[in-house]
Amino acid sequence: MKSRHFTVQPLSEGVSATIATPGGAAVSNSAVVDVGDATLVFDTMLTPRAAEDLATAALELTGRRPTLAANSHWHLDHILGNSVFSSLPIYATRRTREILLEKRVELEGELKPEALARDVSEIERQLKAGDPGVSAELLALNRALLEDAANLRLTPPTRVFESKFRLPSQRRVELVSWGSGHTESDSVLFLPDEGILYAGDLVLAGVHPSTGSGDPEHWLTVLDEIDRLHPERIVPGHGPVSSGAVVGEMREYLTTVLRVASAPDPHEMPAKYATWGFRESFEQSIRFVRSRPTPR
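With this note's numbering as the guide, the letters of the sequence shown map in order to residues -17 to 278.
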């Protein structure tokens, strides 16, 4: 199907990635997987309108609308589409569900139309002033939320697991978590027989990751675990489908953040990352690492 929010990229028989289109209302990448007797979507995008297109794509790709859903972590660009799939089992780690419930009042306040309108106006002002702390991608994300504000419903996952869960299906499909990394609790979707891994935001391609709700040091350990799975193709949370080599690029990026954060000011973003999307995340990561209590 054609959607202005994403493009569909087939990866194997019954296995596809939906890659977010710049400026669309999806923002994050997702999976559509025919597991034999059911259809799974992994990560449900930023907005209900993008998620509706995701459901239509699943119908065209597998012959059925989604019957299962899962979330990689709690960030809104990966879970706000859950409301479209609220009648389905939605899987995530136990901690991901807990975080969403703990933050529910705060997040719902941020999603009110008047709050979103203020955010859009402020980001527009900052961009016009040349503020490097915001990006065109951040503005597009907030505009997409504002345009769909009347339909935004926070819908936490309904089924939980701890570290590993194999879906009861004909196709081998595993949800795997190693704990903290990008957030306090992240999971990936792994298809061992196809060598395909949907990484959520543990791995990005050409996009600055955010670290402010995670653990950059343990994230490096998680990347080692992903490497041990030997995935042939990785669908990052943002950016194009990549080879397993993208894990090394993410490891190098996080190592750079930790190194720069440990050095005195001034500092500059390394030139190799200057063209990556969501540029404001680099400086935010430096501030986050520096703000943490010094270990005793």
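Each residue gets a CB set at the ideal place from its N, CA and C atoms; glycine is no exception.
Put simply, the backbone Cα of Leu120 is about 12 Å away from that of His190. Assignment of beta-bridge partners to Phe260 by DSSP yields no partner. Beta-bridge partners of Arg141 (DSSP): Tyr73. The beta carbon of Pro138 sits closer than 7 Å to those of Arg79, Leu82, Leu83, all from its chain and outside the five residues before and after it, given in chain order. Pairing Val239 with Ser54 gives a Cβ-Cβ distance that is not under 8 Å. Sequence-distant Cβ neighbours of Leu41 in its own chain, meaning closer than 6 Å and more than five residues away, are Arg47. Cα atoms of Phe147 and Gly18: separation of roughly 17 Å, rounded to the nearest angstrom. Non-local C-beta neighbours of Ser192 in its own chain, meaning closer than 6 Å and more than five positions away in sequence, comprise Ser263, ordered along the chain. Rounded to the nearest angstrom, the gap between the Cα atoms of Thr257 and Ala187 is 12 Å. In the structure shown, Val223 falls within a coil segment according to DSSP collapsed to helix, strand and coil. Excluding residues up to 5 positions away in sequence, Ala20, Thr21, Leu70 lie with their Cβ nearer than 7 Å to the Cβ of Thr49 in the same chain.
Sorting Thr38, Leu43, Lys85, Ser12 by C-alpha distance to the C-alpha of Ala52 places Ser12 at the top. The three-state reading of DSSP puts Lys85 in coil, since its state is none of H, G, I, E or B. Between Ile61 and the set Phe67, Asp25, Arg31, the nearest pair of CA atoms involves Asp25. Burial check for Ala245: the Cβ neighbour count within 10 Å stays below 16, so the residue is exposed. In this structure, Leu173 sits away from Val185, with a CB-CB distance that is not shorter than 8 Å. By DSSP's assignment, Pro(-8) forms a beta bridge with Ser(-2).
Nearest in C-alpha terms to His164, of all of Gly115, Met232, Gly5, is Met232. Annotation for Ala13: the continuous beta strand (DSSP E) segment containing it runs 12 to 16. Across the set Arg(-14), Gln(-9), Pro150, Glu(-5), the C-alpha of Arg(-14) shows the shortest separation from the C-alpha of Thr3. About 6 Å separates the CB atoms of Ser10 and Gly219; that is less than 8 Å, so the two are in contact. Rounded to the nearest whole angstrom, the CA to CA distance from Ala33 to Ala8 is 7 Å. Here the C-alpha atom of Ala253 lies approximately 47 Å from the C-alpha atom of Gln152. For Val158, the enclosing beta strand (DSSP E) covers residues 156 to 159. A contact between stretches requires three or more CB pairs, one per stretch, nearer than 8 Å, and the region 191 to 211 meets this requirement with the region 264 to 273. Minimum Cα-Cα distance from Leu202 among the listed residues Ala126, Gly161, His212, Arg86 corresponds to Gly161. Separation of the CB atoms of Leu136 and Arg86 is rounded to 6 Å, and the pair is thereby assigned contact status at 8 Å. In the three-state scheme derived from DSSP, where H, G and I count as helix and E and B as strand, Ser267 is classed as helix. In this structure, Thr0 lies near Ala39, with their beta-carbon atoms less than 8 Å apart. Arg261 counts as buried, since no fewer than 16 other beta carbons sit within 10 angstroms of its beta carbon.
Going by DSSP, Ala51 is part of the beta strand (DSSP E) stretching over 50 to 52.
Boundaries of the alpha helix (DSSP H) around Val242: 228 to 244.
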